[in-house]
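What follows is one structure encoded as structure tokens, with my remarks underneath.
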Ligand code: 9WN
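In the working numbering, the protein residues as written are 648 to 1087.
If you want it as structure tokens, here you go:
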């Protein structure tokens, strides 16, 4: 963007959030994603926390209006039905589940559980902590029900690790992590309901998932509808059941943050602290790839580890999961030309290993830089004291939007913005970094 100074950039980022705001919540982007998304709202609240406590709280409370009676927090809440998006509110038919919320309508799948982390962040940066304490009291039971749902219905009762059953649940929709698992799903067109994509009418097709991948997404949703969104049936019948590193790392951290919230409001913190420890142990035992020094996903159906290295494989750092020794090994991999070497001139960090033949600098989750992944990584690297790399990642969070605009994702080679312009979490996390720098 043309030479805006820091205070102009701050205004620009705040005005993006304002433009994308509807009644009580913020759309990820005005046209491409015209409803409320779950993990987007957590990131957005993290940004608001620094300059508008009220909006930060409203963002999370609005999201929880879509929470099902079994505790499930859906990945999209359709507060109103207006807006062109596929799959929209009528496609999901979530009233097939007896405990689904009808008003507002919602989707029938989930996204990474960053909500307790966002709620605690709001408290930590509050100018009026007394008011925010009340907010924590209000949101605490909703968060505990959400975590309880995950634990009971998404595999937590085994060793603490959860599974996801749709690539959208990871938030990293067409990441190469899913390629082999999705290749086992080959629906014929006539097995699927007729549907029309909207995303590739708004964004260049080579920056979005391909049509075959969308057929697979739709196939899975049809399977969930046939199962009436019953998690036990889905667990038995779904061909896509994955233990995802990103999802479990954020869940581990969210449990720790929920324990902290419990302490602040005088509730029992132990169950959440113990759960965080259990997940930490299981992640280290089951998802660590010692040969490559990165955490990798596990395909429960194929019963095999997924040998694909993505930026989110470093995110256990965010939850303090690896030991300092492991973290140092991970750092040695991160600090290579496959991601971004400090001695090179490169933007940190591409979402996928640049040395892999399937790396693409433009195609959505198959290589571009995402500001939310960078933000999580930056927080994680900070915990372990990798200060030079923290500066490199923070530089991308600030400089990419400052130079190219507040895009959804960025080409790691050219830097330029891709996907939707004026994207909410890019603006929110940019603001978080700027305010943080000002405080330190
Ligand atoms: C499907 C809203 C969401 C993000 C996801 C991102 C993208 C949706 C889509 O947009 O997914 O949920 O239609 O592509 O992959 O992380 O939450 O910003």
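Think of the CB as a built atom: it goes at the ideal place given N, C-alpha and C, for glycine as much as any other residue.
Note that the coordinates shown come from a computational prediction; the quantities given were computed from them, not determined experimentally.
Between residue 767 and residue 1067, the gap from beta carbon to beta carbon reaches 8 Å or more. Within its own chain, the residues whose Cβ lies closer than 8 Å to the Cβ of residue 997, once the five positions on either side in sequence are excluded, are 958, 986, 987, 1006, 1008, 1014, 1015, 1016, 1059, listed in chain order. Rounded to the nearest angstrom, the gap between the Cα atoms of residue 846 and residue 684 is 15 Å. Non-local beta-carbon contacts of residue 1018 in its own chain, meaning distances under 6 Å to residues more than five positions away in sequence, involve 1044, 1073, 1076 in chain order. Under the 10 Å beta carbon count, residue 1065 is surrounded by 16 or more other beta carbons and is classified as buried. Secondary-structure assignment with DSSP links residue 1065 through a beta bridge to 1056. When DSSP reads this structure, residue 668 sits in a beta bridge with 673. If you look at residue 724, you'll find it in the beta strand (DSSP E) that goes 723-725.
Taking the C-beta atoms as reference points, residue 911 is found nearer than 8 Å to residue 770.
Scanning 687, 789, 1054 for the CA closest to the CA of residue 854 turns up 1054.
In this structure, the alpha-carbon of residue 1002 lies about 23 Å from that of residue 1038. With fewer than 16 other Cβ atoms inside 10 Å of its own Cβ, residue 651 counts as exposed. Distances between the C-beta of residue 1015 and the heavy atoms of the ligand 9WN are all 7 Å or more. For residue 666, the Cβ stays outside the 7 Å cut-off from all heavy atoms of the ligand 9WN. Of the residues 825, 942, 882, the one whose Cα lies closest to the Cα of residue 810 is 882. The beta carbons of residue 692 and residue 765 sit about 5 Å from each other, so the pair counts as a contact at 8 Å. Between residue 834 and residue 866, the C-beta gap is smaller than 8 Å, which places the two residues in contact.
For residue 853, the secondary structure class from DSSP, reduced to helix, strand or coil, is helix.
Between the stretch 797-806 and the stretch 744-754 there are fewer than three C-beta pairs closer than 8 Å, too few to call the two in contact.
When only Cα atoms are considered, residue 982 and residue 1036 end up about 8 Å apart. Residue side-chain check: residue 1069 keeps its Cβ at 7 Å or more from all non-hydrogen atoms of the ligand 9WN. The nearest non-hydrogen atom of the ligand 9WN is less than 7 Å from the C-beta of residue 820. Residue 953 is positioned such that its CB atom lies no closer than 8 Å to that of residue 857. A direct Cα-Cα distance of roughly 30 Å separates residue 945 from residue 993. By the 16-neighbour rule on beta-carbons within 10 angstroms, residue 805 is exposed. Just measuring C-alpha positions, the residue of 909, 870, 752 sitting nearest residue 790 is 909. Using a 10 angstroms sphere on the CB of residue 753, the tally of other CB atoms reaches 16 or more, which defines it as buried. Beta-bridge annotation (DSSP): residue 999 is paired with 957.
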